[in-house]
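Working notes, structure below.
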Amino acid sequence: MVFIVESGSTKADWILLDASATEVGRWSVKGLNPYFHDADEVERTLRAESQIMAHAPSVEKVFFYGAGCSSDALNAIIAEGLERVFTSANVLVDHDLLAAAYATYFGEPHIACILGTGSNSCYFDGTAVHEEVPALAYILGDEGSASYIGKRLVRDFLYKRLPADLHAAFVGAYGVGKAEIFQAVYNEPNANVYLANYGRFAGDHAEHPYIQEIVFEGFKA
4 MVFIVESGST KADWILLDAS ATEVGRWSVK GLNPYFHDAD EVERTLRAES QIMAHAPSVE
64 KVFFYGAGCS SDALNAIIAE GLERVFTSAN VLVDHDLLAA AYATYFGEPH IACILGTGSN
124 SCYFDGTAVH EEVPALAYIL GDEGSASYIG KRLVRDFLYK RLPADLHAAF VGAYGVGKAE
184 IFQAVYNEPN ANVYLANYGR FAGDHAEHPY IQEIVFEGFK A
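Adding 3 to a residue's 1-based position in the sequence shown gives its number in the numbering used here.
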């Protein structure tokens, strides 16, 4: 059995294949990012997933492509957690950009992009990924992503810069204030995922000129 995993910061898709490369199962679980999760958290997350654990003893290989898996040291964090669970498996951890490059490769060099909780892009020559523009994560970068849009929405909400109709809708949807937002952003883990959750509000109001403006600015940046 082989697990192929594509993980963002919010969720990870796990696909289990048998020896003939036939799909046995597919599960979406919590995303794992070595910038925010250590090996203990990787292990805890997987042990809480009964369907994945049911197959763990028979898994021979795990290919994990994840957000934040951009160096040997970071990859080792995820690999350690995986190896505690899949004790008989060979584990390979690499960048989610490589998975995106593989998935969109049709024989010609191309640019592959990821847009989700964060954002990233690369040039793939058919053999190797070349990251010409560095990913700066949610504080400094992630332009156009859900965390970028959510951060802008939350900031403008707190500054009372949202258009009146959107401000009212935001209050009705979330009912949060500065204290709750500060607690989640500055004192709790996974602030990027918290901010990205507000991206859904933008999707619900996609036709509003304000939303269209901040989305455009995100990609223009």
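Note that CB positions come from ideal geometry on N, CA and C, so glycine has one too. Since this is a predicted model, take the numbers as computed values, not measurements.
Nearest-angstrom beta carbon gap, residue j and residue i [assumed within contact, 8 Å]
i	j	result
Ala70	Asn36	5 Å
Ser124	Ile114	6 Å
Ala106	Val96	Ala106 to Val96, Cβ: 17 Å. No contact.
Pro137	Tyr126	In fact, because the Cβ distance is near 13 Å, the residues do not count as touching under 8 Å.
Val88	Glu46	6 Å
Ile80	Leu100	Their Cβ separation, rounded to whole angstroms, is 18 Å, which puts Ile80 and Leu100 out of contact at 8 Å.
Gly28	Ala15	Their Cβ separation, rounded to whole angstroms, is 14 Å, which puts Gly28 and Ala15 out of contact at 8 Å.
Val218	Ile152	6 Å
Which of helix, strand or coil DSSP assigns to residue i
i	result
Asp97	strand
Lys163	coil
Val174	helix
Leu198	helix
Leu139	coil
Leu85	helix
Pro37	coil
Gly153	helix
Asn193	coil
Tyr105	helix
Ser148	coil
Ala209	coil
Glu216	helix
Burial state of residue i, where buried means 16 or more other Cβ atoms lie within 10 Å
i	result
Lys154	buried
His133	exposed
Ala131	exposed
Leu139	exposed
Ala104	buried
Phe67	buried
Val225	This structure leaves residue 225 out entirely; the chain is present only between 4 and 224.
Ser74	exposed
Gly178	exposed
Tyr189	exposed
Ala173	Correcting the residue type first, residue 173 is Phe in the shown sequence and not Ala. Per the 10 Å Cβ criterion, buried.
Beta-carbon proximity list for residue i, same chain, < 8 Å, skipping 5 on both sides
i	result
Glu63	Met4, Val5, Ser91, Ala92 and Asn93
Leu161	Lys181 and Ile184
Glu191	Tyr197
Beta-bridge partners of residue i, as assigned by DSSP
i	result
Arg29	Ile18
Leu118	Ser122
Ser10	Ala15 and Gly69
Phe127	His113 and Val132
Lys64	Val5 and Asn93
Contact set for residue i: own chain, Cβ-Cβ below 7 Å, skip 5 residues either direction
i	result
Thr120	Gly11, Ser12, Thr13, Ser148, Ala149, Ser150, Asn195, Val196 and Ala199
Ala176	Phe204
Gly144	Ala138
Gly202	Ala149, Ile152 and Gly153
Close Cβ partners of residue i (< 6 Å) along its chain, the five nearest in sequence each way excluded
i	result
Phe222	Gly147
Val65	Phe6, Leu85, Phe89, Ala92 and Val94
Ala102	Glu9 and Tyr68
Glu52	Val32
Ala42	Ile80, Glu83 and Gly84
Beta carbon proximity, residue i to chain B, threshold 9 Å
i	result
Ala194	As a matter of chain content, chain B is missing from the structure shown, which is built from one protein chain.
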